[in-house]
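Contents: one structure, followed by commentary.
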Amino acid sequence: MKTLFLMLIITFLIKPFQLSTIYIVLFLYFLAKKDYETMYIERYWIFPSVGLLIFGYSYVPMFNRICTCLFFLIVSGTIKFIKPNWIGSADVCFLAFFGFYLGVERMLIALYISVFLGFLWILYRKKHILPYLSCLSIGVWIAYMKGYTLFYFLMNLFS
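In our numbering, the protein residues as written are 414 to 572.
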């Protein structure tokens, strides 16, 4: 619970206080916790996900959202088809879902952060099984708060 309170405090230092922001933080926290503890996400998580789309309004244009969703669905689905032990079905679904919610700029930031955290997890724990949704949830949380700022900072840095 300390982690949840810390996430809420950090979020509200950066974002304005809104119920949708609380819902997003709670959703990401409990998704990460569930994946960390069991490495299994049940199908009933579709209901909070739909709630996130309804209550957590995103300013991303619809075409951007659909293209990002399809891109991540095709890429992660292809990885799942070729190497079924590398990525779980829930990872494929939530990569597409978060791609739809965040759009391409913030989703790329979330992906970079989650891959970096995944590498740190594997190096620190010395295990080859990774609860990737936990890393992705942290990446999505950071991208939700400051994704555009980080994206354009990196674009200016490397261009």
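Using N, Cα and C, we set each Cβ at its ideal position, and we do this for glycine too.
- Within the model, the alpha-carbon separation for Y557 versus I495 is close to 31 Å.
- Remark: fewer than three beta-carbon pairs, one from each stretch, lie closer than 8 Å, so the region 547-555 and the region 476-486 are not flagged as touching.
- The beta carbon of W458 sits closer than 6 Å to no other beta carbon from its chain once the five residues preceding and following it are set aside.
- Contact check between the region 479-489 and the region 502-515: three or more CB pairs, one atom from each, fall below 8 Å, which counts as touching.
- By the C-beta density criterion, G501 is buried, having at least 16 other C-beta atoms within 10 angstroms.
- Restricting attention to L570, L421, M452, the CA atom closest to the CA of F440 is found in L421.
- For P544, the secondary structure class from DSSP, reduced to helix, strand or coil, is coil.
- Restricted to the region 436-461, not a single beta strand (DSSP E) segment is unbroken, complete and at least 3 residues in length.
- Rounded to whole angstroms, the gap between the alpha carbons of I423 and T491 is 36 Å.
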